[in-house]
Structure formats: structure tokens, C-alpha cells
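Before any comments, here is the structure.
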Amino acid sequence: MAETPRVAAWRRLLRALHRDLGYLAVGLTLIYAASGLAVNHVADWDPNFRNYSVVHELGPLAPERAAAVALERLGIEEKPREVYRASADRIDVVLQRHTLHIDPGTGRVIDEGQKPRLFLRLANWLHLNRGKKAWTYAADLYAAGLLVLAVSGMFMLPGRRGIAGRGAIFVIIGVAIPLLYVGLSGGP
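Read left to right, the sequence shown gives residues 586 to 773 (the working numbering).
Put into C-alpha cells, the structure is as follows:
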């Protein structure tokens, strides 16, 4: 059965809306998807920072000046948050994002710290709504856009390939997956 001109015009409008809204949503979807994958595995790795450890050999240092000399020779101008004797043969210098572990006797300095993963850190900041009020509106608009995409997508194709046929099966499966998981996992 052929579509009426009115239904055909409605589907063309729906496809245009779906296409344009889909293009608009691509950037946000990439950011939210990357962040979602990252924070889902936060127990396995830190998605915001990567840890590093670098060893420097400075030669023997006088214990009373070890921290100041190490900072100078390493070209670190940042003022330490804390300097303390961690053990008989180690002085720790705590800086903003890293710590120097200094062995004055050997002059070995282990620089341990974290460096931000720029893209993921920004994506997680947005995804977890650290930007608060202003970003809440942007995230709400994005969520509303996804709802429009989901609903419009169901009605784009007519007949057996659309919601009246196999599309309904996929919608039911898509709804069943989270419901089954909640039921089988014991839920909240």
C-alpha cells in the first residue's frame, strides 16, 4: 500500500529533523560515550590522570640542603607544599601534582606524580556535571535531543522494516536489556 502524499511529506520532514539533530548530537555523543567508557572502568585505571615515575641521578647531596638543591637542579620553581624526612635515608618534597623522593646519600631523586589526560579529564568533568547549573541546561537539551532522535528514528521507515515490523522487535529488546539486568542483578 502506497503512502499518502501527506504521510510521505511528514516522513520527509521527520528524516530532515532526525538527520540535522543527529549531526548536532554527534560531538556530544562522542564526548559522553568516551567519558562513559572511562568512568565505567574507574576501578581499573584513573581516567583523569596518568601516573608517572622518573629517576634523576644528581650525585650526593648534603641532607640539610637536599630538597633545595634537588629543586634547583631539576629546574622546579614551584614552592613545596611540604618537605619532611620520610626515613633515615629519604627526604620527601611534596609539590602540587608530584612528589620528589630524595636519597641524599646517593643523590637519587624519584619524581612521582600524575599528569592530566586532557580529553578524558574534560569529558569526565562535563559528563559528571562538575560545571553545575549552566552545563545542566546543556545536558538537558542534549538528553531531550536524544529522545527526539530515538522517537523520530522509530517512525522513519514504513512497513515491515519500520516500527510496524522488525523495528518493534529491536525496541522491545532495547527496553528489555536494562530491565533484565536490574531484575537479575537484584536492582537498586
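Beta carbons: idealized from backbone N, C-alpha and C, even for Gly.
Nothing here was measured: the structure is a model prediction, and the numbers come from that model.
Alpha carbon to alpha carbon, what distance is there between residue j and residue i?
i	j	result
V624	N709	8 Å
G800	W720	Nothing can be reported for residue 800, as the shown portion of the chain is limited to 586 through 773.
G682	V627	In the sequence on display, residue 682 carries Arg and not Gly. Going from the Cα of R682 to the Cα of V627 covers about 20 Å.
N633	G644	35 Å
D631	Y637	12 Å
L742	P763	25 Å
Which residue from the options puts its Cα closest to that of residue i?
i	options	result
N714	S620, L615, A593	S620
A601	P743, L769, G747, L734	L734
E649	R675, E642, L659	R675
Inspect the beta-carbon positions of residue i and residue j and report whether they are closer than 7 Å.
i	j	result
R635	R706	no
D696	V760	no
G712	Y608	At residue 712 the sequence reads His, which differs from the Gly that was named. Cβ atoms of H712 and Y608: not closer than 7 Å.
L615	Y727	no
L646	P665	no
L606	G730	yes
Given a threshold of 16 other Cβ atoms within 10 Å of its Cβ, counted over all protein chains shown, does residue i qualify as buried or as exposed?
i	result
V694	buried
A651	buried
L685	buried
V767	exposed
Next item on the list: Evaluate contact between the stretch 645-660 and the stretch 688-704, counting only Cβ atoms and requiring at least three cross-stretch pairs below 8 Å.
Entry: yes
Note to self: I'd like to know if the stretch 666-683 and the stretch 733-740 are in contact, where contact means that at least 3 CB-CB pairs between them fall below 8 Å.
What the structure shows: no
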